[in-house]
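>
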Amino acid sequence: MDFPALKDFKVLADSISHCILIHDATTKEILWANPAACTMLGFTLQELKSLKSEDMSSSERQYRRTIAKSWLHLDVEEGQNQIRWKYRTKNGHEVLTQAVGKRMVLSGRTVVMIEFRDINSELALQRRVSKAEKLMRTVLARSDAGVLLLDVDLRISTVSPSALRVLQCASRKLLKKHLAEIAVPHKREQLKAEIQKHRETHVTTEIRLEFPISEDSTKWLTGSLEYVRGEDDVHHHVWVFHDITDKVLREKEEERSFAYANFMGRQHAMGDMAMLLSHELAQPVAAANNFLSGLRSRMDQIPDDIVDPLRFGIDSAETQIRRASKIINSVQGFAGNMELSEELADLNEIVSESMYFIELRGRDKGVSTMLTLTGERLPIICEPILIGQVVQNLCFNAIDEMATWDEEARHIEVATMRSGTMATFEVIDHGRGIGHLPGDDIFAGAFTSKADGHGVGLALCYRIITRQGGTISAHESAPHGATFTFSLPLAAT
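Read in order, the letters of the sequence shown are residues 1 to 493 in the UniProt record's numbering.
If you want it as structure tokens, here you go:
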């Protein structure tokens with residue numbers, strides 16, 4: 001016995017959820033309808049058999065009887081065709097359907113089977129989706145939020161119009177790049193670590209990113225990076241971000257203002273300390289000088305084989321005492337009333353005198369110093385003690401930076417040169433460079449990265465050099481490291 005049996009096909013036909021009408025191919029009259037069609041249209045089978053197409057079609061012009069007959073005739077000729085048709089139910093309700101007509105032969109009689117289904121709900125859903133998509137596109141186009149769609153490897157696959165507007169770039173600059181790769185170079189490794197953690201945990205992560213607009217301009221962006229699991233096991237990540245550049249710049253300006261106020265407070269305190277030191281050290285320095293004078297007066301009583309080294313020691317001690325007195329007076333004058341005690345000096349001599357203390361610091365840290373002085377005099381009008389302090393401070397910073405590197409890399413280069421009408425000093429290290437230092441201008445505020453730093457070194461260097469008519473700058477060295485340079489006007493001789 002075949003399965004299913006012929007008698008089973010009626011059961012199957014009656015259970016089909018799609019509506020079916022069978023029309024005679026010639027007269028187009030209804031021969032049969034399945035229960036689903038009867039239910040939708042509200043007619044019994046007997047009622048349907050007596051109806052014409054206009055009795056069960058919408059009254060709208062596009063559903064006229066002539067059109068229905070033409071379509072049925074087309075089904076007869078071509079064997080199969082489809083149309084959207086609006087039926088009218090027994091109670092007058094109109095139902096838009098998607099109808100497919102097929103020509104076939106049943107018991108030797110050519111018929112057209114119409115299979116149709118209600119698409120009102122589908123069209124309504126499509127309209128809602130289309131409206132939502134249009135609304136979303138409008139919102140994204142006008143919103144200040146940018147959207148980047150990322151693939152499973154966190155590479156950019158889709159860029160919203162608003163994102164292109166915020167980032168001021170073309171999509172080709174962004175597509176297929178890892179999210180971290182669009183940040184400024186010195187922040188990429190940190191970002192990669194944050195993004196990798198998000199990729200492993202799928203935890204929503206707040207990402208803050210500095211995006212380069214040009215060589216000298218960046219935008220600050222922040223937003224949530226979220227994991228999205230779509231249909232068919234398709235995984236995506238979405239970063240919805242906002243431009244916070246104005247906020248970051250305000251914060252930086254507030255930090256700079258606070259740092260400057262802090263620096264000025266420290267400077268005033270240093271002025272008070274300098275005055276106190278000048279007063280407190282004056283007596284012990286004078287006493288030490290008197291003791292040395294007393295020793296010098298008794299040198300006639302000392303044998304000749306001892307007196308020469310003793311005289312050298314006394315002369316050296318007196319030189320250092322005079323130097324200490326000049327330093328105290330210079331710092332007091334600079335930090336207190338800011339009056340400069342200028343004189344004609346040679347930058348080469350100032351650097352040479354400072355090298356004793358620089359090389360002493362270098363030996364203590366295991367850092368060697370290579371000095372290259374220009375072969376000509378570099379006369380400048382300045383306060384030599386303060387310029388010497390700048391030379392030492394810049395070199396000390398370079399030495400401290402190199403002290404953490406391998407022994408073969410522990411060296412700095414110090415040089416003087418003539419640059420047009422300027423006398424120039426520079427110190428070069430081969431460490432981390434200046435990218436890790438806070439702030440856009442490392443001379444503008446009171447900053448330090450040293451555990452024992454006072455946070456006023458570079459700021460004071462800037463004040464000393466600029467108040468004496470010079471310039472001071474810092475830039476990255478190749479392949480790595482930093483170069484600090486200051487220049488002072490050459491004096492007419």
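For each residue, glycine too, the CB sits at the ideal point set by N, CA and C. Predicted, not measured: the structure shown is a model, and the values here were computed from it.
#1: From this set, Thr39, Trp220, Leu21, Gly470, which residue's C-alpha is nearest Glu115's C-alpha?
#2: Determine the extent of the alpha helix (DSSP H) in which Tyr356 is found, giving its start and end residues.
#3: Taking just the CA atoms, how far does Val351 sit from Ala183?
#4: Can you look up Ser325 in the DSSP assignment and give me helix, strand or coil?
#5: What residues in its chain sit with their C-beta under 7 Å from that of residue 552, if we drop five residues either side in the sequence?
#6: So, is Ala68 buried or exposed, given that buried needs 16 or more other C-beta atoms within 10 angstroms?
#7: Who are Arg88's beta bridge partners in DSSP?
#8: Using the rule of at least 16 other Cβ atoms within 10 Å of the residue's Cβ for burial, across every protein chain shown, is Glu215 buried or exposed?
#9: Here's the rule: buried if 16 or more other CB atoms are within 10 angstroms of the residue's CB, otherwise exposed. What is His454?
#10: I'd like the ranges of any beta strand (DSSP E) spanning at least 3 consecutive residues and lying wholly in the stretch 167-253.
#11: Going by DSSP, what residue range makes up the alpha helix (DSSP H) through Ile399?
#12: With a cut-off of 8 Å on the beta carbons, I'd call Leu149 and His236 a contact; round off their distance for me.
#13: Once you ignore the five residues that flank Ser487 on each side, which residues in its own chain have a CB closer than 7 Å to its CB?
#14: Which of the three DSSP states is assigned to Lys69 in this structure?
#15: Which residue's Cα is closest to the Cα of Glu413: Glu407, Asp406, Trp405, Ala398?
#16: State the start and end residues of the unbroken beta strand (DSSP E) segment that holds Pro489.
#17: Keeping to the same chain, check which residues put their C-beta closer than 6 Å to that of Lys102; ignore five residues upstream and five downstream.
#18: Helix, strand or coil for Ile119? Go by DSSP, reduced to three states.
#19: Do Ile381 and Leu344 have their C-beta atoms within less than 8 Å of each other?
#20: What does the alpha-carbon distance come out to for the pair Asp55 and Val11?
#21: Can you give me the C-alpha to C-alpha distance between Glu251 and Ser257, rounded to a whole angstrom?
#22: With C-beta atoms as the reference, is Trp220 less than 8 Å away from Val248?
#23: For the beta strand (DSSP E) that contains Ile465, what are its first and last residues?
#24: For Asp452, collect the residues of the same chain with a Cβ closer than 8 Å to its Cβ; drop the 5 residues on either side in sequence, then sort them by chain order.
#25: Once the 5 residues before and after Ala36 are set aside, which same chain residues still bring their CB inside 8 Å of it?
#26: Mind checking which residues open and close the alpha helix (DSSP H) that includes Phe443?
#27: Going by DSSP in three states, Ala474 sits in which element: helix, strand or coil?
#28: With 16 as the cutoff for other CB atoms within 10 Å, does Ser57 come out buried or exposed?
#29: Using the C-alpha atoms, what's the distance from Ile314 back to Leu292?
#30: Return the residue from the list Gln82, Ser70, Val76, Thr493 that minimises the CA-CA distance to Val105.
#31: Just to confirm my understanding: we take Trp71, look at its own chain, exclude 5 residues before and 5 after, and list those with CB closer than 6 Å. What are they?
#32: Quick one: grab the DSSP three-state call for Asn34.
On the basis of the data shown:
#1: Measuring from the Cα of Glu115, the nearest candidate turns out to be Leu21.
#2: Element bounds for Tyr356: 347-365.
#3: Straight-line measurement puts the Cα of Val351 at about 41 Å from the Cα of Ala183.
#4: Ser325 sits in a helix when the DSSP states are folded into three classes.
#5: Coverage of the chain is limited to positions 1 through 493, which leaves residue 552 absent and any answer about it impossible.
#6: So Ala68 ends up on the buried side.
#7: Glu94, per the DSSP bridge assignment.
#8: Glu215 counts as exposed, since fewer than 16 other C-beta atoms from the protein chains shown sit within 10 angstroms of its C-beta.
#9: The predicted model places His454 with a pLDDT of 40, which falls under 50 and marks its position as unreliable; any figure quoted below should be read in that light. Classification of His454: exposed, given that the 10 Å Cβ count is below 16.
#10: Qualifying beta strand (DSSP E) stretches, in chain order: 205-214, 217-229, 235-243.
#11: From DSSP, the alpha helix (DSSP H) with Ile399 extends over 384-402.
#12: Leu149 to His236, Cβ: 6 Å. Contact.
#13: Result list for Ser487: Ser419, Met422, Ala423, Thr424, Gly470, Thr471, in chain order.
#14: Secondary structure of Lys69 (DSSP, three-state): helix.
#15: For Glu413, the closest of Glu407, Asp406, Trp405, Ala398 by C-alpha to C-alpha distance is Ala398.
#16: Pro489 -> beta strand (DSSP E) spans 482-489.
#17: Taking Lys102 as the centre and dropping the five residues before and after it, the same chain places the C-beta of Gln80, Met113 closer than 6 Å to its C-beta, in chain order.
#18: The answer is coil: DSSP assigns Ile119 none of H, G, I, E or B.
#19: A contact, by the Cβ cut-off of 8 Å.
#20: Roughly 29 Å separates the two Cα atoms.
#21: Taking the straight line joining both Cα atoms gives about 10 Å.
#22: Yes, the pair counts as a contact, with Cβ atoms nearer than the cut-off.
#23: Under the DSSP assignment, Ile465 falls outside any beta strand (DSSP E), being part of the alpha helix (DSSP H) whose first and last residues are 457-467.
#24: Note that Asp452 scores a pLDDT of 48, beneath 50, so its modelled location is shaky; the value from the coordinates is reported in the next line. Hits under 8 Å: none found.
#25: Here Ala36 has Ile16, Ser17, His18, Cys19, Ile20 as same chain residues with Cβ atoms under 8 Å from its own Cβ, once five neighbours each way along the sequence are excluded.
#26: In the DSSP assignment, Phe443 falls outside any alpha helix (DSSP H), carrying neither H nor E.
#27: Reduced to three states, the DSSP call for Ala474 is strand.
#28: So Ser57 ends up on the buried side.
#29: Between Leu292 and Ile314, the C-alpha separation is close to 6 Å.
#30: The residue with the shortest Cα to Cα distance from Val105 is Val76.
#31: Cβ within range, chain order: Ile83.
#32: Coil.
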